[in-house]
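Numbering (this note's numbering), first residue to last: 2 to 154.
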């Protein structure tokens, strides 16, 4: 058993994981150390307080489990989340550009199609209204207005 303890000390040397909150601390100690939680869940005598760094479980008003990141882990986590957010924004922008290009191509194909132009005005109105929902960044005011005008004649 001493060998396991020694191995643990060797593996964790240089990476102190000391939290100012530990099992047995009171809610007051917890709040004094970490401040108010971002959120919490209480069920009977049990509660979980949520912080940016992780969570702390309490039983009968005393800390029973601490699952918090170190300051370095929190920085790394925030950096990963920032990279993830940037990537998601990039993907969304690319999808918007693809959607707009697709919509512009479809709009042009309908403008060039004698078959589409010969459809009843009510069908063209329905098409352009649906088009506007699917491709909101592609302007179709002239086409929709023309079809609406013809459908009223």
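Quick reminder that beta carbons are idealized off the backbone N, C-alpha and C, glycines included.
Cutoff 8 Å; reference residue i; Cβ partners in own chain excluding five residues on either side
i: residue 22; result: 30, 31, 34, 35, 57, 64, 67 and 69
i: residue 130; result: 145
Residue burial classification, residue i (beta-carbon count within 10 angstroms, cutoff 16)
i: residue 76; result: exposed
i: residue 125; result: buried
i: residue 7; result: Reliability fails at residue 7, whose pLDDT of 38 lies under 50, so the model's placement of it is uncertain and the value that follows must be treated cautiously. Result: exposed.
i: residue 150; result: exposed
i: residue 154; result: exposed
i: residue 25; result: exposed
i: residue 104; result: buried
i: residue 48; result: buried
i: residue 117; result: exposed
Cβ distance (whole Å) where residue i is taken to contact residue j below 8 Å
i: residue 60; j: residue 46; result: 6 Å
i: residue 122; j: residue 148; result: 5 Å
i: residue 136; j: residue 101; result: 7 Å
i: residue 138; j: residue 97; result: 7 Å
Residues near residue i by beta carbon distance below 7 Å, same chain, minus five either side
i: residue 51; result: 38, 39, 40 and 41
i: residue 108; result: 139 and 141
i: residue 1; result: Nothing can be reported for residue 1: it is not among the residues displayed for the chain, which extend from 2 to 154.
Coarse secondary structure for residue i, derived from DSSP in three states
i: residue 63; result: strand
i: residue 77; result: helix
i: residue 236; result: Residue 236 lies beyond the residue range present for the chain, which begins at 2 and ends at 154; the question has no answer from this structure.
i: residue 27; result: strand
i: residue 139; result: coil
i: residue 44; result: strand
i: residue 9; result: For residue 9, the predicted structure reports a pLDDT of 38, less than 50, and the residue's modelled location is therefore unreliable. A value from the coordinates is still provided. Helix at residue 9.
i: residue 36; result: coil
i: residue 120; result: coil
CB contact flag (residue i, residue j, <8 Å)
i: residue 27; j: residue 55; result: no
Own chain residues within Cβ distance below 6 Å of residue i, not counting five before or after
i: residue 94; result: none
i: residue 74; result: none
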